[in-house]
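These protein sequence lines map, in sequence, to chains A and B.
Per our numbering, the first sequence starts with residue 338, numbered consecutively.
Per our numbering, the second sequence starts with residue 338, numbered consecutively.
Take a look at the structure below.
There are 2 protein chains.
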Amino acid sequence: MPVNLVPPKQADLLPIAGIKLGTANAGIKSTDRADLVLIQLAENTTTSAVYTQNTFCAAPVTVAKRHQNETSPCYLLINSGNANAGTGEAGLQAAQDCCQAVAELSNSSSQSVLPFSTGVIGQQLPIDKIKQALPDAIQSLTTDNWFAAAHAIMTTDIVAKAVSKQVQIDGKTITVTGMAKGSGMIRPNMATMLSYIATDAAVEQAVLDKMLANASEQSFNRITIDGDTSTNDACVLMATAKANNAIISRIDSDSGQALYQVIAEISQQLAHAVVRDGEGATKFIEIQVQQGVDTEECRQVAYTIAHSPLVKTAMFASDPNWGRILAAVGRSEIAGFDLSKVAIYLGDVCIVEGGEPAANYTEQKGQQVMDQDEITIRVELGRGGANDTVWTCDFSYDYVKINAEYRT
Amino acid sequence: MPVNLVPPKQADLLPIAGIKLGTANAGIKSTDRADLVLIQLAENTTTSAVYTQNTFCAAPVTVAKRHQNETSPCYLLINSGNANAGTGEAGLQAAQDCCQAVAELSNSSSQSVLPFSTGVIGQQLPIDKIKQALPDAIQSLTTDNWFAAAHAIMTTDIVAKAVSKQVQIDGKTITVTGMAKGSGMIRPNMATMLSYIATDAAVEQAVLDKMLANASEQSFNRITIDGDTSTNDACVLMATAKANNAIISRIDSDSGQALYQVIAEISQQLAHAVVRDGEGATKFIEIQVQQGVDTEECRQVAYTIAHSPLVKTAMFASDPNWGRILAAVGRSEIAGFDLSKVAIYLGDVCIVEGGEPAANYTEQKGQQVMDQDEITIRVELGRGGANDTVWTCDFSYDYVKINAEYRT
């Protein structure tokens, strides 16, 4: 079950003026749930997006990038249940056909539609089912549909992930609402599987791009479930300019910082939600690596711990088998690593100091930390002033079960 | 259960003149099985060893390296059940005390004893138990004890791993016998957890070193269970010179090649045995990556596939979910990767060609391959003439069970 993840309530998700969402059941998934989302962006909306860095990126990623370069997006079309990845030329054509279908029903150009898919890799997209369901999605377009849309983009997610926050900027109330999906094949590199965040603020394109890059770097790009990077990752940030604030032209201005703060918080909350709902997760684990020469080496150590199946199964068992953490730190391939300066903490409990087992560590102290469902592992490298943090979950029977039975 | 791994028979393991092995039950492990092995090397035995590259190497590794630099080894002392890793100064002292105890009982120097430990990390070595059991181990020293020793070094291994081969060199019958242990925390980097190979051939030190380096590079350094590199890995190759062959002074001579061939075969057979007995393994998987610019990039792609929990759980489920293989290839971070030249095969079945799903692939063909318990994944990169191969196993419920319950 998800770790301390409270499902969003319909009433908590605030509409964003200028953003309408419609959902439909295209029958792509075997379950009888909506699996198609259409997002309509008001004129003058500024849109920024980051995509997977997997070389085998999915067809919709290729098409979305191309369309975004050609014109301002008016629609985002998202389907769950089928990733349209590893589908070759036919898959590219299918992604384009989906955009064309939206364009025809809405009197827009196909280039103004960005396609997104998530689900099973390697099966052709059932384009006819999507075309048939599109009128329903258009019919249901409303600003109140974040709750339904957050559910419709789910695949192996148990809990929907969406959140809203507000901030006062220049005397105007600015609203930000975001949603995300993802619980496996999660080690985003630029963005999580799928995440959509919108605000009614007016923001210049370059500033929006910077806000998205920074926020995703400190959230979606710092989480891992299983180290596998999806072919379909995408994160989209939209600013509709409907709040009538003075346009934000610098990220380091007061208004830029105020808005960025909210976007960063929402990104991190959604990223944490993806980990909390990680496939089979029973623990939420924060790995802080401090005192590094640079953030890269901190991140490298943190990910080595976060990807260790032995650390993750020990976490699942609530077993303070800290030797596995130590072994992971030791194999992280940091040049000129001096063990005698390393300290490791499990929660507040010091387990290694000066490279040696901590004198006053007891198994009982370690067990008290491990019995929690939120655990912090902190490593001090004693090399410099850089820090980084990564979030992950444990590795349980259910992870194997979910992924062994995914297509059956 | 181990994948097609036939347990060695006592009669199949040939003694090596000049090598005696003794075992004893020191009570380190909770089970009532021998957990201590003493190997006695005849005078003039040449010994070569490679060790873990984990920075947090265990105390016995530090001591064994130091002793090997000081003098020729006369004894190897191996205990299972406790790794003496993460044990600080006390652990180093314990490893030295063990060597000293052997030295006192055998009228040798403590520097001539190499200590090895395998088992739980982070607990102090029960040195008194080992000292008490040492006389039993010495008492039982005999050339016929490879079978008992191969069992005594096991930890989570289900099946003992040992093999003998013979080759005619210069009219003499040369015998090589080797044993290994290991089934988790396996991604050796220089050597598997513990492996001991002995021959009665006469071999110069530099040639023996080269044979061990080459053979371990193509065997123990090409396997992975879970990507975790042990703190205790060691592989020792001993040549007793009792066969009265003309001393082998070049690896590229006829006699050098003949002996190397046997050592390489035994190393690979033992390495494969470690994978076949991998924790929770139900499939033995060979990953061949071909047509790379160099072997490094081939290995990088192969390990990315081999470490993917999603690929490994699909293998466990016998699910031809080849999209996961494709996604792993895509995230292996090879510079200038051209998808349109990539082909991927599952056994003999082409699943991707020219970067596209193979036209004549059917799920039925994929399923036939996946139903086997030995599966070959072959990737052609279309970039050059280099190849490399890595072996791994699948990821099952039992892997989680074994590692969640390891210390309980």
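Where a beta carbon is used, it is the ideal one built from N, C-alpha and C, also for glycine.
All of these numbers come straight from a predicted model, not from anything done at the bench.
Neighbour flag for residue i against chain A, beta carbons, 9 Å
i	result
VAL439 (chain B)	no
THR368 (chain B)	no
LEU531 (chain B)	no
GLY459 (chain B)	yes
CYS394 (chain B)	yes
LYS742 (chain B)	First, the amino acid is wrong: residue 742 (chain B) is Glu here, not Lys. Taking Cβ atoms only, chain A reaches closer than 9 Å to GLU742 (chain B), which makes this a yes.
TYR640 (chain B)	no
PHE621 (chain B)	no
ASP656 (chain B)	yes
PRO694 (chain B)	yes
ASP563 (chain B)	yes
GLN390 (chain B)	yes
GLY660 (chain B)	yes
ILE712 (chain B)	no
GLY721 (chain B)	no
VAL689 (chain B)	yes
Element boundaries [alpha helix (DSSP H), containing residue i]
i	result
PHE453 (chain A)	Per DSSP, PHE453 (chain A) belongs to no alpha helix (DSSP H); it is in the beta strand (DSSP E), 450 to 457.
GLU634 (chain B)	632 to 643
ALA741 (chain B)	734 to 741
THR298 (chain A)	Residue 298 (chain A) falls outside the range modelled here, since chain A spans only 338 to 745, and no answer is possible.
ALA386 (chain B)	Not the alpha helix (DSSP H): ALA386 (chain B) falls in the beta strand (DSSP E), residues 383 to 388.
PRO397 (chain B)	396 to 407
CYS435 (chain B)	425 to 443
VAL544 (chain B)	542 to 554
Run of the beta strand (DSSP E) containing residue i, from where it starts to where it stops
i	result
LYS462 (chain B)	As written in the sequence, residue 462 (chain B) is Leu, which differs from the Lys given in the question. Here LEU462 (chain B) belongs to no beta strand (DSSP E), and DSSP marks it neither H nor E.
ASP591 (chain A)	Not the beta strand (DSSP E): ASP591 (chain A) falls in the alpha helix (DSSP H), residues 591 to 613.
ASP704 (chain B)	Position check: residue 704 (chain B) holds Gln in this sequence, whereas Asp was assumed. Where GLN704 (chain B) is concerned, there is no enclosing beta strand (DSSP E), although the alpha helix (DSSP H) it sits in stretches over 700 to 707.
GLY359 (chain A)	356 to 361
GLU690 (chain A)	686 to 690
Cutoff 9 Å: residue i Cβ touching any chain B Cβ
i	result
ALA432 (chain A)	no
LEU540 (chain A)	Reading the sequence as shown, one finds Val at residue 540 (chain A) and not Leu. Not one chain B Cβ lies under 9 Å of VAL540 (chain A).
ASN453 (chain A)	Looking at the sequence provided, one finds Phe at residue 453 (chain A) rather than Asn. With 9 Å as the cut-off, PHE453 (chain A) does not count as an interface residue toward chain B.
PRO472 (chain A)	no
GLN625 (chain A)	no
ASP546 (chain A)	no
ARG668 (chain A)	yes
SER645 (chain A)	yes
THR566 (chain A)	yes
SER520 (chain A)	no
TYR734 (chain A)	yes
GLY684 (chain A)	no
LEU663 (chain A)	yes
LYS738 (chain A)	yes
ASN526 (chain A)	Note that ASN526 (chain A) scores 48 on pLDDT, short of 50, meaning its location in the model is unreliable; the coordinates nonetheless yield the value given after this. Yes - at least one Cβ of chain B is within 9 Å of the one on ASN526 (chain A).
ALA420 (chain A)	yes
GLY615 (chain A)	no
GLY364 (chain A)	no
One or two residues paired with residue i in a DSSP bridge
i	result
THR492 (chain A)	Bridge partners of THR492 (chain A): none, in fact.
SER416 (chain B)	Looking at the sequence itself, residue 416 (chain B) is Asn, so the reference to Ser does not match. In the DSSP output, where bridge partners are listed per residue, ASN416 (chain B) has B:LEU373, B:SER454.
THR811 (chain B)	Limits of chain B in this structure are 338 at one end and 745 at the other, which puts residue 811 (chain B) out of reach.
LYS498 (chain A)	A:ALA517
ASP725 (chain B)	B:VAL626
ILE560 (chain B)	B:TRP728
ILE712 (chain A)	A:ILE622
ALA571 (chain B)	B:TYR388, B:LEU531
ILE506 (chain B)	B:LYS509
GLU717 (chain B)	B:GLN627, B:ALA680
PRO339 (chain A)	Looking at the DSSP assignment, PRO339 (chain A) forms no beta bridge with any residue, so it has no partner.
*Report yes or no: do three or more beta-carbon pairs, one from the segment 420 to 439 of chain B and one from the segment 391 to 407 of chain B, lie closer than 8 Å?*
yes
*Contact the segment 729 to 742 of chain A vs the segment 736 to 743 of chain B: 3+ CB pairs below 8 Å*: yes
*Is the number of C-beta pairs between the segment 652 to 664 of chain A and the segment 458 to 468 of chain B that are closer than 8 Å three or more?*
yes
*Determine, using beta-carbon pairs with one atom in the segment 548 to 566 of chain B and one in the segment 602 to 620 of chain B, whether at least three such pairs fall under 8 Å.*
yes
*Evaluate contact between the segment 622 to 632 of chain B and the segment 683 to 697 of chain B, counting only Cβ atoms and requiring at least three cross-stretch pairs below 8 Å.*
no
*Touch check for the segment 690 to 709 of chain B and the segment 648 to 657 of chain B: three-plus C-beta pairs under 8 Å?*
yes
*Any chance you could list the alpha helix (DSSP H) runs of at least 4 consecutive residues sitting entirely within the segment 650 to 679 of chain A, in chain order?*
660 to 667
_Tell me whether the segment 595 to 609 of chain B and the segment 688 to 695 of chain B touch, counting them as touching only if at least three CB pairs, one residue from each stretch, are closer than 8 Å._
no
*asked:* Within 8 Å, do at least three Cβ pairs link the segment 619 to 630 of chain A to the segment 693 to 703 of chain B?
replied: no
*Flag this pair as touching only if the segment 360 to 373 of chain B and the segment 463 to 473 of chain B have three or more C-beta atom pairs under 8 Å; answer yes or no.*
yes
*Are the segment 591 to 605 of chain A and the segment 530 to 538 of chain A touching by the rule of at least three beta carbon pairs closer than 8 Å?*
yes
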